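Here's the structure, in structure tokens; my notes come after.
Number of protein chains: 2
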Amino acid sequence: MSVTPATPTDDTDGVRPERPLLPLVGPRPPERADAARNRTRLLEAAARLVAECGPEHLTMEAVAAAASVGKGTVFRRFGDRAGLLMALIDHSERRYQEAFLFGPPPLGPGAPPVRRLEAFGITTLRHLATHRDLLLAVEQEASRRHDLPPRHVRHTHLAMLLREAGAGGDTELLAHTLAAYLDVTLISHLTRQRGMALGRLEDGWLDLVARIVRR
Amino acid sequence: MSVTPATPTDDTDGVRPERPLLPLVGPRPPERADAARNRTRLLEAAARLVAECGPEHLTMEAVAAAASVGKGTVFRRFGDRAGLLMALIDHSERRYQEAFLFGPPPLGPGAPPVRRLEAFGITTLRHLATHRDLLLAVEQEASRRHDLPPRHVRHTHLAMLLREAGAGGDTELLAHTLAAYLDVTLISHLTRQRGMALGRLEDGWLDLVARIVRR
Numbered sequence: 021m022s023v024t025p026a027t028p029t030d031d032t033d034g035v036r037p038e039r040p041l042l043p044l045v046g047p048r049p050p051e052r053a054d055a056a057r058n059r060t061r062l063l064e065a066a067a068r069l070v071a072e073c074g075p076e077h078l079t080m081e082a083v084a085a086a087a088s089v090g091k092g093t094v095f096r097r098f099g100d101r102a103g104l105l106m107a108l109i110d111h112s113e114r115r116y117q118e119a120f121l122f123g124p125p126p127l128g129p130g131a132p133p134v135r136r137l138e139a140f141g142i143t144t145l146r147h148l149a150t151h152r153d154l155l156l157a158v159e160q161e162a163s164r165r166h167d168l169p170p171r172h173v174r175h176t177h178l179a180m181l182l183r184e185a186g187a188g189g190d191t192e193l194l195a196h197t198l199a200a201y202l203d204v205t206l207i208s209h210l211t212r213q214r215g216m217a218l219g220r221l222e223d224g225w226l227d228l229v230a231r232i233v234r235r
Numbered sequence: 021m022s023v024t025p026a027t028p029t030d031d032t033d034g035v036r037p038e039r040p041l042l043p044l045v046g047p048r049p050p051e052r053a054d055a056a057r058n059r060t061r062l063l064e065a066a067a068r069l070v071a072e073c074g075p076e077h078l079t080m081e082a083v084a085a086a087a088s089v090g091k092g093t094v095f096r097r098f099g100d101r102a103g104l105l106m107a108l109i110d111h112s113e114r115r116y117q118e119a120f121l122f123g124p125p126p127l128g129p130g131a132p133p134v135r136r137l138e139a140f141g142i143t144t145l146r147h148l149a150t151h152r153d154l155l156l157a158v159e160q161e162a163s164r165r166h167d168l169p170p171r172h173v174r175h176t177h178l179a180m181l182l183r184e185a186g187a188g189g190d191t192e193l194l195a196h197t198l199a200a201y202l203d204v205t206l207i208s209h210l211t212r213q214r215g216m217a218l219g220r221l222e223d224g225w226l227d228l229v230a231r232i233v234r235r
């Protein structure tokens with residue numbers, strides 16, 4: 021998955037291969053009604069497969085079979101398996117992104133930057149924990165996980181807040197440090213393999229923000 | 021790859037499947053001379069394949085063919101592809117681990133903990149940059165990358181130094197934050213895709229240590 025725009029194809033559905041998450045959320049481009057119905061049908065089939073067998077068993081072929089369409093349709097629509105997985109969490113990812121970009125403070129604009137940093141980490145930890153299995157499957161699929169759009173959005177947002185907070189230093193690298201704490205593979209490791217409570221990770225985030233911005 | 025000891029097998033070579041990197045370095049268990057020769061031959065064939073085709077083309081089958089042995093021999097010896105890849109960087113990984121565990125200060129024991137933290141990051145960044153392609157291949161292979169022994173060693177070492185430095189806070193989580201900065205996939209992303217100089221990452225490390233230990 022790439023953050024550059026998808027190139028046009030000779031897609032028979034009249035749509036481009038889907039890049040469900042833009043670097044920043046915006047309105048989804050209009051689709052023809054039949055394309056939208058097709059998309060909904062494929063996603064419903066995919067969601068059913070995930071619910072029944074787990075995301076690790078979700079394949080493009082299985083979705084095509086479950087939705088009674090050709091395999092090519094699924095590939096044209098979602099690009100690859102990572103695209104399909106991201107489309108499955110598109111709705112909640114959009115709601116999460118809209119909350120920190122445009123929602124009410126302290127998560128959204130209007131609160132002091134350090135307060136927003138604190139709220140962003142807590143919200144992100146809970147978002148990642150909720151969608152852990154799907155997000156882990158996306159990570160495993162993506163060959164260049166640091167290019168995933170959701171990571172890009174988080175990094176950009178953290179860099180902006182660090183700048184506003186006057187944290188100094190190399191903002192881009194400090195933002196990577198904060199983003200690395202909010203990593204679904206790390207969170208999964210700590211909560212699942214090490215048995216840590218999410219509350220401990222939330223406390224750790226607040227402490228980390230205080231250290232990074234030197235309060 | 022797991023940090024728990026390998027279980028004995030009925031290996032026809034008289035050796036256990038290899039776990040080349042222990043959580044902490046120690047002497048390698050003695051092997052029979054023919055097993056040692058066999059190991060060397062396989063690793064030489066693997067190194068040749070990596071040099072000629074890149075680590076992404078290294079398979080257990082290709083190594084077996086190149087060394088004129090059965091596929092089962094390669095699997096018994098290295099366990100899986102991640103084990104084979106780790107065996108290939110075993111020598112330099114041991115030297116690196118010995119340097120920070122037992123070597124001269126400021127990297128090894130004897131220097132103040134913050135000075136050791138600084139030296140550890142710089143050494144690790146250079147080590148990861150040098151072996152980037154092989155280490156990336158290991159990461160992609162490992163289904164649970166946070167369980168990889170080299171990560172475990174680094175985390176343990178960082179936690180010890182943070183404790184000695186009196187950093188306070190949740191040492192385990194702070195060590196994960198520092199370790200996340202020393203992540204080969206992040207370093208590869210920043211240097212290769214974003215064109216950052218390694219020197220900038222090294223400066224960023226020194227700044228990060230100062231913030232985390234609140235100096």
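If you read the protein sequences in the order shown, they are chains A and B. Sequential numbering of the first sequence, starting at 21, is according to the working numbering. Sequential numbering of the second sequence, starting at 21, is according to the working numbering. C-beta: ideal position from N, C-alpha, C; glycine also. Since we're looking at a predicted model, the values are computed, not measured.
- request: Please confirm if A200 of chain B has its CB atom under 8 Å from at least one CB of chain A.
  value: Start at 1 with the first residue of the second sequence, and residue 200 of chain B comes out as number 180. Yes, because at least one Cβ of chain A sits closer than 8 Å to the Cβ of A200 of chain B.
message: DSSP three-state label for T27 of chain A, please.
response: Numbered from its first residue, the first sequence carries residue 27 of chain A at position 7. The predicted position of T27 of chain A is uncertain, since its pLDDT is 35 and thus under 50; no value can be drawn from it.
message: Would the segment 178-194 of chain A count as touching the segment 135-145 of chain A if we require 3 or more Cβ pairs under 8 Å?
response: yes
query: Hey, out of A:P124, A:Y116 and A:V83, whose CA is closest to F98 of chain A's CA?
result: Looking up residue 98 of chain A in the first sequence gives position 78. Checking every option, the nearest Cα to that of F98 of chain A belongs to A:V83.
Rounded C-alpha distance that separates T176 of chain A from R114 of chain B: Residue numbering aside, residue 176 of chain A sits at position 156 when the first sequence is read from its first letter. Residue numbering aside, residue 114 of chain B sits at position 94 when the second sequence is read from its first letter. Approximately 37 Å, taken between the alpha carbons.
- prompt: If we cut at 8 Å on Cβ distances, does T79 of chain A have a partner in chain E?
  reply: Going by chain labels, chain E is absent from the structure shown, which instead holds the protein chains A and B.
- prompt: In terms of residues, what are the limits of the alpha helix (DSSP H) holding V83 of chain B?
  reply: Position 63 of the second sequence, counted from the start, is the residue given in the question as residue 83 of chain B. Per DSSP, V83 of chain B belongs to the alpha helix (DSSP H) from M80 to A87.
message: Quick test of the definition: if touching needs 3 or more C-beta pairs under 8 Å, does the segment 140-149 of chain A touch the segment 216-226 of chain A?
response: yes
query: Quick one: what does DSSP say P129 of chain B is sitting in, helix, strand or coil?
result: Here residue 129 of chain B corresponds to residue number 109 of the second sequence, with the count starting at 1. It is a strand residue.
query: Measuring CB to CB, does L63 of chain B end up less than 8 Å from A107 of chain B?
result: Translated into positions along the second sequence, residue 63 of chain B becomes position 43. Translated into positions along the second sequence, residue 107 of chain B becomes position 87. Yes, they are a contact pair.
task: Could you pull the start and end residues of the alpha helix (DSSP H) that G103 of chain B belongs to?
output: As a first step, residue 103 of chain B is located in the second sequence; it is residue number 83 there, counting from the start. That run of the alpha helix (DSSP H) goes R101 to L108.
- prompt: Measuring CA to CA, which of A:G215, A:L228 and A:M180 is closest to L202 of chain A?
  reply: The residue labelled residue 202 of chain A in the question sits at position 182 within the first sequence. Nearest of A:G215, A:L228 and A:M180 to L202 of chain A, Cα basis: A:L228.
query: Hey, is D54 of chain B's beta-carbon within less than 8 Å of any beta-carbon in chain A?
result: Working through the second sequence from its first residue, we reach residue 54 of chain B at position 34. No, no contact with chain A.
field: Where L193 of chain A sits in the DSSP three-state scheme
entry: Counting from 1 along the first sequence, the entry for residue 193 of chain A is found at position 173. The answer is helix: DSSP assigns L193 of chain A an H, G or I state.
message: Determine whether the beta carbon atoms of H166 of chain A and H209 of chain B lie at a separation below 8 Å.
response: Along the first sequence, one-based indexing puts residue 166 of chain A at 146. Along the second sequence, one-based indexing puts residue 209 of chain B at 189. Yes; because the gap between Cβ atoms is below 8 Å, this pair is in contact.
- prompt: Name the chain A residues whose beta carbon is nearer than 7 Å to that of G189 of chain B?
  reply: Sequence index remark: in the second sequence, residue 189 of chain B carries index 169 (1-based). What G189 of chain B touches in chain A: D227.
query: So, does the CB of D203 of chain A fall closer than 8 Å to a CB anywhere in chain B?
result: If you number the first sequence from 1, residue 203 of chain A lands on position 183. Output row for D203 of chain A: interface = yes.
- prompt: Quick one: Cα of P132 of chain A to Cα of I109 of chain B, how far?
  reply: For this step, residue 132 of chain A is matched to residue 112 along the first sequence. For this step, residue 109 of chain B is matched to residue 89 along the second sequence. Their backbone Cα atoms lie some 47 Å apart in a straight line.
- prompt: Which first and last residues belong to the alpha helix (DSSP H) in which V233 of chain B is found?
  reply: Translated into the one-based positions of the second sequence, residue 233 of chain B becomes position 213. Neither: V233 of chain B is in no alpha helix (DSSP H) and is coded neither H nor E.
message: For I207 of chain B, would you say it is in contact with chain A, using Cβ-to-Cβ distances shorter than 8 Å as the test?
response: For the purposes of this step, residue 207 of chain B is taken as the residue at position 187 of the second sequence. Closer than 8 Å: no.
field: Where G224 of chain A meets chain B, residues with beta-carbon distance less than 7 Å
entry: Within the first sequence, residue 224 of chain A is the residue found at index 204, counting from 1. Those are D190 and L193, listed as they occur along chain B.
task: Taking A199 of chain B and R171 of chain B to be in contact with their CB atoms under 8 Å, please state how far apart those CB atoms are, rounded to whole angstroms.
output: On the second sequence, position 179 is the one that residue 199 of chain B refers to. On the second sequence, position 151 is the one that residue 171 of chain B refers to. About 7 Å; that satisfies the 8 Å criterion.
message: Against T211 of chain B, what residues of chain A qualify as contacts under a CB-to-CB distance less than 9 Å, listed in chain order?
response: Taking the first residue of the second sequence as position 1, residue 211 of chain B is located at position 191. The contacting residues do not exist; T211 of chain B stays about 12 Å from chain A at best.
message: Which residue marks the beginning of the alpha helix (DSSP H) containing S54 of chain A, and which one marks its end?
response: Taking the first sequence and counting its residues from 1, one reaches residue 54 of chain A at position 34. Strictly speaking, residue 54 of chain A in this sequence is Asp, with Ser absent from that position. Residues A53 to C73.
- request: Count the other C-beta atoms from every protein chain shown that fall within 10 angstroms of the C-beta of F122 of chain B, then say buried if there are 16 or more, exposed otherwise.
  value: Translated into the one-based positions of the second sequence, residue 122 of chain B becomes position 102. With fewer than 16 other Cβ atoms within 10 Å, it is exposed.
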